[in-house]
Amino acid sequence: MQTFSSHFNSACLFCGTPLRRTFVDLGMSPLCESYVSASHLNSMEPFYPLHVFVCEKCFLVQLQEYVNPGDIFSEYAYFSSYSDSWVEHARRYTEMITERLGLNSKTLVVELASNDGYLLQHFVHKAIPVLGIEPAANVARAAEDRKVPTLVEFFDETMAKRLSAEGKQADLIVGNNVLAQVPNVNSFVEGIRILLKPGGVVTIEFPHLMRLMLENQFDTIYHEHFFYFSFFAVSKVFAAHGLALFDVEEIPTHGGSLRIYGRHVANNALKMTDRARDLLAREEAAGLMTLAAYESFELQVRETKRKLLECLINLKRQGKTIAGYGAPGKGNTLLNYCGIRHDFLDYTVDRNPYKQGKFLPGTHIPICAPERIRETKPDYVMILPWNFKDEIMEQSSYIREWGAKFIIPIPEARIYP
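The working numbering puts the sequence shown at residues 2 to 418.
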């Protein structure tokens, strides 16, 4: 059943249309990457609405800007290189795009939100000039250690004008999992237009809204993500800034993502591909160009929550012990929305030393090193970054030594022996 908000005066962050239609309301939640130190466990912790709307005009699904991005990303806890599969994903992309675009020592690759150099390092190894742009100073330092030159700034059209004036225009602009994290999407995409050479290409990756809806991936919703894009909606955003999307790949990362390819509208040498036309047709068939398709998602989310809680309650009543694996942003949305705390999870573990010794926001579940699992031998391990479940299950296969099993919470609770 469609819901309406009765006490807001917000407008679409792209087209300015008043927002009246709720996509899903996940209640109040803390910032998902604001991990709590032991000394602050008894301090006040701010919670913000996780109320997501869909625009009636452009069908862009979005969360309002409750928090300034500078408060989120200036000091960041996510380091891409701690995921082996994500680094390998970046390496394969580098090989593909270098060959496809003919990149060489005379071209320039710019990555927006370049994190710790996980991707640009592969271009560096090929002697292809690169420039990273990363607002989190602590993460950018790790990139510099990998010989990736990095500017510690937020990217927008003002920065793009400055770089362009300095002669730094890009043959390739890369943005992986950043477009959704920029509330001023118009300034960001206009910046891409300014920074991109006339014959250049931009590729952007982000979780696909259609997959989010089909597979109940509501935990990918958090304050750091302002937008949830369909190919249809993102095409409208880029077109408004003189950029045409001519190709798209459907890739398995983050539960199902899109890699879009854009160019200047005037660059007619790059024609729209059949797979781009096909995806638009499939999104239309799925109803993403009408409001009706968005009406039932909240009901799906509530049922997923009930099934997960039923699973955990039954296990705890049997006296079973449960640990978590991972401390990702999506895990914090899941745990806070479902009310899962110490009564269900004894602790969680993470490979990132930056998070170890801290506590999850909201739930205050302790974050330990992965070795903690072998020490305590829990009966079940719930994998919070379920998009990396194959990698994690392989790394943690030793839990079978004492008969433990894995729990995957999304799209619904499943137990893997």
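The beta-carbon is built from N, C-alpha and C at its ideal position, and this holds for glycine as well. Note that the coordinates shown come from a computational prediction; the quantities given were computed from them, not determined experimentally.
Rounded to the nearest angstrom, the gap between the Cα atoms of residue 362 and residue 354 is 17 Å. Residue pairing by DSSP places residue 177 opposite 206 in a beta bridge. If you look at residue 160, you'll find it in the alpha helix (DSSP H) that goes 158 to 166. For the set 391, 384, 356 and 145, the Cα lying nearest the Cα of residue 33 is the one of 356. The three-state reading of DSSP puts residue 219 in helix, counting H, G and I together. According to DSSP, residue 228 shares a beta bridge with 63. Unbroken alpha helix (DSSP H) stretches of 4 residues or longer found wholly inside the segment 363 to 416: 372 to 377 and 390 to 396, given in chain order. When secondary structure is reduced to three states using DSSP, residue 48 falls in the coil class, being assigned neither helix nor strand. Of the candidates 372, 176, 286 and 169, 372 places its Cα closest to the Cα of residue 352. Assignment of alpha helix (DSSP H) within the segment 222 to 287, counting only whole runs of 4 or more residues, yields 232 to 240 and 275 to 286 in chain order.
Cβ contact annotation for residue 11 (same chain, cutoff 7 Å, sequence separation greater than five): 20 and 65, in chain order. The alpha-carbon separation between residue 387 and residue 256 amounts to approximately 8 Å. According to the DSSP assignment, residue 29 belongs to the beta strand (DSSP E) that extends over 22 to 30. The shortest C-alpha to C-alpha distance from residue 185 to any of 68, 401, 408 and 381 is the one to 68. Here residue 224 is buried. Its C-beta has 16 or more other C-beta atoms within 10 Å. Contact check for residue 326 and residue 397: beta-carbon distance about 7 Å, within the 8 Å limit, so the pair qualifies. Under a 10 Å Cβ-count criterion, residue 105 is classified as exposed, with fewer than 16 other Cβ atoms of the shown protein chains found around its own Cβ.
Comparing C-alpha distances from residue 127 to each of 411, 143, 211 and 103 shows the shortest one belongs to 103. Our two residues, residue 196 and residue 296, have alpha carbons roughly 39 Å apart in a direct line. The beta carbon of residue 138 lies closer than 6 Å to those of 153 in the same chain, with the five residues before and after it left out. Taking the Cα positions, residue 243 is about 22 Å away from residue 114. Taking 7 Å as the cut-off, the beta carbon of residue 60 is found no closer than this to the beta carbon of residue 166.
Taking each of 315, 320, 359 and 310 in turn and checking the Cα distance to residue 336, the smallest one comes out for 310. Looking at the DSSP output, residue 113 bridges to 134.
In the structure shown, residue 346 adopts coil according to DSSP, grouped into three states. Our two residues, residue 231 and residue 273, have alpha carbons roughly 17 Å apart in a direct line. Looking at the DSSP output, residue 326 sits in a beta bridge with 350 and 384. In the structure shown, residue 198 adopts extended strand secondary structure according to DSSP, grouped into three states. Counting C-beta pairs closer than 8 Å gives fewer than three between the segment 212 to 221 and the segment 260 to 270, which falls short of the contact rule. By alpha-carbon distance to residue 48, the top candidate from 55, 29 and 192 is 29. For residue 328, the closest alpha carbon among the candidates 321, 304 and 389 is that of 389. The bridge partners DSSP lists for residue 12 are 19. Contact between residue 359 and residue 37 holds: their C-beta atoms lie close to 6 Å from each other, under 8 Å. Residue pairing by DSSP places residue 152 opposite 134 in a beta bridge. Of the residues 412, 376 and 385, the one whose Cα lies closest to the Cα of residue 399 is 376. The C-alpha of residue 304 is placed about 22 Å away from the C-alpha of residue 288.
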